[in-house]
Every structure is written in C-alpha cells, then in structure tokens.
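Contents: one structure, followed by commentary.
As structure tokens, then:
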C-alpha cells in the first residue's frame, strides 16, 4: 500500500510537470498520413510508452484532423485539410488539440498552424459589368469595379488589378489592392464611339501566379446632368445576431438634383455574394434593408456590401455598407468528459487525477467565459489545468466499505446575461483493496459432546463464523485449525467453507475430558483472525466395575 501511494504521488507530479504546449506548422492540402511533428522526440516519450500506455489525441471540435502514429511517435494528418474551408476569413489558422498519456496521467496541449498554399485563383462574382456613362462625364471621374475574391490568404490572395482594352480609361486602387476603380482619362463622344469593351484582370502573389478576369462593357449615353448622390459614402451598421427575420436592419438614401424620370432613383445591391443575399433584401424604392435569414456571430462577425442607386437616365452612384454583428449569449457551454481512473482503488492517495473535463462555449467575450463546479460534500474537487480544461481530483481518503459508487454532477456556466449552463454526470466506482481482516463473531466458542459420539457428517459439534467487510475474493473467508496437536486433528475436522467443527474419531471421557484448540479465519487477500474452541467430553456409563 505504501508503494502504491508513492506511485500515485509520482504520477501526479508527472501530470503537473507535463502540462505544456507544442507548436507545429503544416501546409494545407497535404495527403492523409503526412508528417506534422515528432511528438515522441519533442516530449521525450519512448515508443513502447506510446503503444502500451494509452496515448490519445483529443481535438477541440467534432473533426479529428490529426492522429499519432503508434510505431514512429509522429503526429500525422488524419485527412486532407482545406484551410479555406476550415478557417474562412481568418488570417492565422490554428488548430488546437490535446495529447493525453493515460498511463502516466499526462496532458499536453498542441497548436498546429495551417499555412496557406496558392491553390485558388482570383475570381469575380460578376464576370460581366455593364456601365452607362453620360458623354459629359468629367475627366478623372471614378467608378467602382467588381471586386475579385481569392479564397487564399496573405500573398496568395489578390495583390493587384490590371486593365486593358481602351485608351479612354485607366485603373486606380485607392486602398492599394482591395478595390479597383475605373478612371476616365479621355473625353467620351457618343457620336464617335457608343460602346467600350475593357478587360479587368485580378492577379495574386502566389508562385506560380494565378489570375482571373472580368469583362467591362461601357455604354455611352446622352447627357443626364446629375447622377444620384448618397447621403454617406460609407454606412456603418451594428446588428444583434438574434435580430428577428423581417426586421429593418438599416436604410440607404440617395438624392438626385434632376427632375422627372432623371430624378427617379432605384436601389440595388452590387457585387454581393449569394450567401449574403440570403440574409438581406433591399427595397428598390425606399432603400430599406431587412433581415431575411439567421445572423450568427459565431459563423461570421462582419459583412461588407455595395449598394447602387440609379436614376431614370441611367446614371449611378455607389456606397459601401459595413455591417458588424454583435454577439449575444445564445450558446450554452458544452462539456466532454474523459475518465482516466475508473474504477478507483479505495487506497488511492488524495490529489490523484481521476478524470479530465473539457469545456467549450461558441460565444465570445464574457458570453464565452466558462466556469465549472461540482456537487458538494464529496471526497473530490475540481482543479483548472488550462483555460478550457479541468481535472477531477481525489480530495480525501476513500472507503469502499462506506461508499462504493459516487454520482458526480459537473455544471459549466458562462458569464453571459442571462447566463447559460449545461451539466454532465460522471459515475465513479470505488474498487476494493484488502484493507479489512476477517473478524470472528465470538472470541471463544465452547460445546459439550458425549463420549462415544459417532463420527461423520451428522456429528457437528459447533460452528464458528467470521465476517469480512471487503468484497469479492478479499471478503471470502475460509477456516482451518491453528496450531493444534495431532491428537486434535485425529479427533476433529473443520469445514473450510462453513466453519462447522465435526468429530472425526471416537471420543473417550476416561482418556481425556476436555480439548482446547485454535481456529483461524483467512480471507482471499491473506488477512487472518483467530478464535479459541473449547470442547468438553461428558461421561457415559460405558465401563463395568472390575474386581
């Protein structure tokens, strides 16, 4: 028992010391089974430890993207990883998981950065853009062009735009590379040239370079002096993620100084993704934008849309709308339990780790901050080991003979207002150790038996009985004689299972009228107890007088 206690203390110290962080980097789209990192070498684990001690990889999410190779100790990919699908609109894509060595009670945190490769070419949602420009358009006028989109990130995303096809126009990028604008460089003359055809090319910075094109068709119209003018060039809107469908989200407004049909303005979205179009609708007459789909901060925190206003003469104006989604506490925490020691030996020392609890909350800020607690008055306690991980630890000594099963409820609560919570129940069984010796019901047993009593199964003299509080083989008691003389063994027997003492030979009062001997009770673990048995022989008239 002392050796087992020392072993648990060493394992606990190893568990505490092992809590660290491993970081690796791997490019996307590698085939299944590709090398990520030498975990065995980095953690100083021997290969037999990995095979024999139950090493497991636990990911944060549902998908398991990495596994540990049992023969080499290498961390390898479990499947092909698409960074653009996994980390949409995230600059740095990091997957987190935990490596648990069950046999040593060790937990290691791992962060794997998924780096981008240039596997996507830029593309335009609008491959054709029609513009109507009045022939009196002033030189230097600018017109927004469709934005190219590239699912890659960093240098592999869109880096520049190029324009070809007509000397009347040039290209400008007011913010560097994100947006392109068409600039009028030469006076338009509808009578000389009614239509202009341009090719807009978006180029990324990958190696090799990838590109995509869109066709710009310009129709020159007769003079309509004043184009629409939006009240703002950029609208900034904040929407709660639980805004009901059909609610008014915001309104855009443009005015036109012309009269009649040239001043009649209609509104429309320009260059908007299908996924965004499902969430918002724009009234072409009023400029009201309403919510038509579920907003989810955890799915997407920010939207940018372009709105176009067009008057009756075909002149247009454009404005940007920046939409920020505000988080609300709409996700309860989730718990996952990993029992490490179940059943628990009843002689386990305090501070032994019996389970690991991982908590997650998809909300952000205080809505995503989670704390855990468990029911009180139990010999266990919770201890935080990392931001999202708790350890369930033995707090005081266990006694299987008093309580053999514990039902523990662990509750996770976030800090939202109102707060949300969820709970999980873990059932821990306490396994028996041989910590109780048999105990005789009486310290001494006595009986009277007549001499010449017949020996055999019907000649039960007395019965001793001992009980053991342990279970299984540790609580199974067998009986035997202690240190007794050969004469006692010749005259008496004891049933090892029932404790019945029987006569085995013929008793003679005149030869000996009292027998005292010891009986031993032994359990399956080797613990013993002893009692004394005293048998007195009563006289029978079995001898005639002699002269």
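Residue numbers (mature numbering (1 follows the signal peptide of the UniProt record, and there is no 0)): -20 to -1, 1 to 527.
We treat Cβ as the ideally placed atom computed from N, Cα and C, and that holds for glycine.
All values derive from a computational prediction rather than experimental measurement.
Item, Value
"Buried or exposed for residue 65, please, with buried defined as at least 16 other CB atoms from any protein chain shown within 10 angstroms of its CB.", "exposed"
"Name the residue from 275, 267, 178 and 390 whose alpha carbon lies nearest to the alpha carbon of residue 147.", "178"
"If we call anything under 8 Å between Cβ atoms a contact, is residue 462 one with residue 499?", "yes"
"Quick one: Cα of residue 509 to Cα of residue 516, how far?", "24 Å"
"Between the stretch 204 to 218 and the stretch 289 to 298, can you find at least three pairs of beta-carbon atoms closer than 8 Å?", "yes"
"Take residue 396 and list the residues in its own chain whose beta-carbon comes closer than 6 Å to its own, dropping the five residues that flank it on each side.", "309 and 347"
"Contact between the stretch 338 to 354 and the stretch 48 to 60: three or more CB pairs below 8 Å?", "no"
"Would DSSP call residue -10 helix, strand or coil?", "Because residue -10 sits at a pLDDT of 40, beneath the cut-off of 50, its placement in the model cannot be relied upon, and the point is left open."
"Do the stretch 263 to 272 and the stretch 170 to 186 meet, that is, are 3 or more Cβ pairs less than 8 Å apart?", "no"
"For residue 19, report the span of its beta strand (DSSP E) as first-last.", "No beta strand (DSSP E) contains residue 19, which is instead part of the alpha helix (DSSP H) from 19 to 23."
"Determine the DSSP secondary structure at residue 170, reduced to helix, strand or coil.", "coil"
"Return the first residue and the last residue of the alpha helix (DSSP H) that residue 65 is part of.", "63 to 66"
"In terms of DSSP beta bridges, what is residue 338 paired with?", "316 and 369"
"DSSP state of residue 176, grouped into three classes?", "strand"
"For the pair the stretch 86 to 98 and the stretch 3 to 22, tell me if three or more CB-CB distances fall below 8 Å.", "yes"
"Of the residues 244, 225, 103 and 246, which one's Cα is nearest the Cα of residue 258?", "225"
"Can at least three beta-carbon pairs, one atom from the stretch 402 to 410 and one from the stretch 446 to 455, be found at a separation below 8 Å?", "no"
"Touching or not, the stretch 72 to 90 and the stretch 161 to 175, by the rule of three or more beta carbon pairs under 8 Å?", "no"
"From the DSSP output, read off the bridge partner residues of residue 512.", "424 and 498"
"Which same chain residues, not among the five before or five after residue 404, have their C-beta less than 7 Å away from its C-beta?", "315, 317 and 390"
"What does the Cβ neighbour count give for residue 274, buried or exposed, with the cut at 16 atoms within 10 Å?", "exposed"
"What is the residue span of the beta strand (DSSP E) that residue 138 lies within?", "138 to 144"
"What's the gap between the Cα of residue 112 and the Cα of residue 199?", "5 Å"
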